[in-house]
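The opening residue of the sequence shown carries number 0 in numbering that gives the first Met the number 0; numbering runs sequentially from there.
C-beta: ideal position from N, C-alpha, C; glycine also.
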Amino acid sequence: MGGVGAQTQRARPSAIAGCGERMLTPRAARALPGARCPMARSADCGAAQTPITSVARMGLLSRCNTLTRQKTDVTIYSGAGPDCFTTCIPKNLFDPVGKSNDSSLTPPWTLPNKSTSLEAISIQNITNVCELKEKLNEIISAGKNYEHDISSCLKSLLNGSDQDIMLLCAQAISELAKCDIKRETYAQKEFVEPLLEIVSKDISAGTAELVKQCCRALGNLCCDCDTARNIILDNNGPAILLKLLTNTLGDVEKLAEIRLLTSKTLLNFAIGGKQFSESIVNEGVIDVQHKILLRESLKEVMNDEEVTTALLILSVINDNNPEVLFEPHINKIVLEVLQETSSIEVSELCVEHLLIQAEHEEVKSLVAREGGVQLLCARLEGLRARRAAGELAAPHPELDALAKQACDLIVIVLTGGGWWSQWWRWWRWWQRGGKG
0 MGGVGAQTQR ARPSAIAGCG ERMLTPRAAR ALPGARCPMA RSADCGAAQT PITSVARMGL
60 LSRCNTLTRQ KTDVTIYSGA GPDCFTTCIP KNLFDPVGKS NDSSLTPPWT LPNKSTSLEA
120 ISIQNITNVC ELKEKLNEII SAGKNYEHDI SSCLKSLLNG SDQDIMLLCA QAISELAKCD
180 IKRETYAQKE FVEPLLEIVS KDISAGTAEL VKQCCRALGN LCCDCDTARN IILDNNGPAI
240 LLKLLTNTLG DVEKLAEIRL LTSKTLLNFA IGGKQFSESI VNEGVIDVQH KILLRESLKE
300 VMNDEEVTTA LLILSVINDN NPEVLFEPHI NKIVLEVLQE TSSIEVSELC VEHLLIQAEH
360 EEVKSLVARE GGVQLLCARL EGLRARRAAG ELAAPHPELD ALAKQACDLI VIVLTGGGWW
420 SQWWRWWRWW QRGGKG
């Protein structure tokens, strides 16, 4: 997280929907200056990213990969890259006798449909449902390291009628899409359209798991891949995903996973650029995220992961359109979340959001009017005391970054016009012990 006023290229965040992995921290992201997306070995399907120059905005979006690195179910993808297969294959697999010196020996999946076709044929010839499920589970376990191209098989099975098989197919696609090369294979309308069709239907107890896995697959497919994003856009995907997200708001507990997965899929989608973020804005994503933030701010213990994802969606929208001014109730709920949270990471996201929005005079006035400056001062003092007492496990650079952002926001608000004099009168009153 950088300071206000400096100039640099801004990294883009991404949150791929894979269960059980870890998210890339903003500190790791900031170690990649000029990177288009702060991900380890992120996918690139030809997207031309527009650099953003504000360090404050860079800090905001670099936080997209922060808060769920330890406990998230929907996380940043750490891909293995093009060599993810060959590093696992013994040399004698291609030269069994060990006598050949031919350097042209290549892995079987690079040959014209040889082993790939054999594997696909073997799957197509499975007639026992239990055996087919076992094979799909094997593919899921191998994930991005599965060496065969079985896209034709998964394409057929995904359009079948057996819900259990469809569920396993969706899960297999979401796992295979964690590999950069495989993601390109599955970023096709033959896969995206059936997945969207499934998530467009009403959720029931019997279909909840299928919808969840389809949402995961969509999130992974559009991870830094404009090919998949454009297919989603062309097939009314933003409206479908927003309808799904809205439907999950009623059942807070049972649909929590689907709600989080849908939000993170929207986050991956919106990161692609202005056309993608505007499409979800037009479908009402801002108001839905406001409802999520409002509900969480009223809880005794907030779900930091849901709060983080909501804040990151707002930050991506702001990043793709730096001149955007959110409605007062949006910025106010961010300030309320800042007041209620005890998380350093969530606090930093809130401060960064308000810092960017404070470029508008209306937001400076709102922060001052709602006691934002006093809140920031109290939060800084509390962090200083906890740090001095050794209560905070977070590294000191993180606290220093948060403190600097908070100070920058205080300065911007206090120099923002008429509210300076009002705050100064309040400060003098405070110094007098509340008298006079």
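- Annotation for Phe190: the continuous alpha helix (DSSP H) segment containing it runs Lys188 to Val198.
- Under the three-state reduction of DSSP output, Met165 falls in the helix class.
- Rounded to the nearest whole angstrom, the CA to CA distance from Leu337 to Ala405 is 11 Å.
- In this chain, the alpha helix (DSSP H) harbouring Phe275 covers Lys273 to Asn281.
- Shown here, Cys129 sits in a helix according to DSSP, grouped into three states.
- Taking Gln274 as the centre and dropping the five residues before and after it, the same chain places the C-beta of Leu232 closer than 8 Å to its C-beta, in chain order.
- Per DSSP, Ser150 is one residue of the alpha helix (DSSP H) stretching across Ser150 to Leu157.
- DSSP places Asn319 in the helix class (H, G or I) of the three-state scheme.
- Taken through DSSP and simplified to helix, strand or coil, Asn219 comes out as helix.
- Taking 8 Å as the cut-off, the Cβ atoms of Asp163 and Lys132 count as close.
- Under the three-state reduction of DSSP, Asp303 is assigned to helix.
- Inter-residue distance for Cys129 and Cys214 is about 25 Å (C-alpha atoms, whole angstroms).
- Note on Pro321: under 16 other CB atoms within 10 angstroms of its CB, so exposed under the neighbour-count rule.
- Looking at Gly236, Ile279, Ile202 and Met301, the one whose alpha-carbon comes closest to that of Lys253 is Ile202.
- For a cut-off of 8 Å, the C-beta gap from Leu248 to Thr261 is around 11 Å, too long to register as a contact.
- Around Val412, the same chain offers Lys363, Val366, Ala367 and Val372 as residues with beta carbons nearer than 6 Å, after the five sequence neighbours per side are excluded.
- Note that the C-beta distance between Ile239 and Ala269 is not below 8 Å.
- A residue is called buried once 16 or more other Cβ atoms fall within 10 Å of its Cβ, and Gly159, having fewer, is exposed.
- Sorting Asp318, Glu360 and Leu297 by C-alpha distance to the C-alpha of Val333 places Leu297 at the top.
- Each residue's CA atom was taken as its position, placing Asp250 and Ala141 some 34 Å apart.
- DSSP places Leu248 in the coil class of the three-state scheme, outside both helix and strand.
- Looking only at His352, Cys222 and Asn229, the smallest Cα-Cα distance to Asn267 is reached by Cys222.
- The beta carbon of Cys349 sits closer than 6 Å to those of Val333, Val336 and Leu337, all from its chain and outside the five residues before and after it, given in chain order.
- Runs of the beta strand (DSSP E) lying entirely within the segment 314-401, each at least 3 residues long, are absent.
- Straight-line spacing of the CA atoms in Val410 and Glu304 works out to 30 Å.
- In this structure, the straight-line span from the alpha carbon of Gly381 to that of Met301 is close to 20 Å.
- When only Cα atoms are considered, Val198 and Ala186 end up about 17 Å apart.
- Taking a C-beta distance under 8 Å as the contact criterion, Cys152 and Ile172 do not qualify as a contact pair.
- Non-local beta-carbon contacts of Leu313 in its own chain, meaning distances under 8 Å to residues more than five positions away in sequence, involve Ile285, Gln288, Phe325, Ile329, Val333 and His352 in chain order.
- The criterion of a C-beta distance shorter than 8 Å is not satisfied by Lys403 and Glu369.
- Straight across, the Cα-Cα distance linking Lys211 with Ser276 is about 22 Å.
- If you draw a straight line from the Cα of Gly389 to the Cα of Ala255, it is about 35 Å long.
- With respect to the C-alpha of Glu339, the residue from Glu295, Glu360, Ile355 and Val191 having the closest C-alpha is Glu295.
- A straight-line Cα-Cα distance of about 14 Å links Asn281 and Thr245.
- Annotation for Thr264: the continuous alpha helix (DSSP H) segment containing it runs Ala255 to Ala269.
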